[in-house]
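Residues in the sequence shown are numbered consecutively from 1, following our numbering.
All C-beta atoms in this analysis are idealised placements derived from N, C-alpha and C, irrespective of residue type, glycine included.
Note that this is a predicted model, so its numbers are computed, not measured.
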Amino acid sequence: MDTPDLLSRLDDTLRTAQRIRLPGPGCTAGAAVESVDEVKGMLRGLIRGLSGPEPVHHVPGQVATAAAFPAGNGAGARPVVQPTPLQARG
């Protein structure tokens, strides 16, 4: 994307953002939300044009297991617990 194209797209986005009206007389809530969504779409397109696809917003979670934490007495370590006599019998 060259500089004139970037400036043109940014100018279009800013003009669209200036036309956003708050809901009230003559502007329904749905129309206001649609105009905000339009600006968001234009900004996403601008970002895609500058840097490629958008990053993933939700990284898949990892399940914490006891093996992920080292055993020991330090901060963040998995405490070592000695079994009680009742636990040792099974």
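field: Cα-Cα separation between residue 42 and residue 26, rounded to whole angstroms
entry: 24 Å
message: Check this for me: beta carbons of residue 36 and residue 13, under 8 Å apart or not?
response: no
task: Specify, as a first and last residue, the run of the alpha helix (DSSP H) that residue 47 falls within.
output: 29-51
field: Distance between residue 31 and residue 22 (C-alpha atoms, nearest Å)
entry: 9 Å
message: Please report the straight-line C-alpha distance between residue 7 and residue 20, rounded to a whole angstrom.
response: 20 Å
- prompt: Measuring CA to CA, which of 46, 47, 17 and 4 is closest to residue 33?
  reply: 17
query: If we ignore side chains and look at the alpha-carbon of each, how far apart do residue 2 and residue 24 end up?
result: 40 Å
task: Pull up the distance between the alpha-carbon of residue 29 and that of residue 15, whole angstroms please.
output: 20 Å
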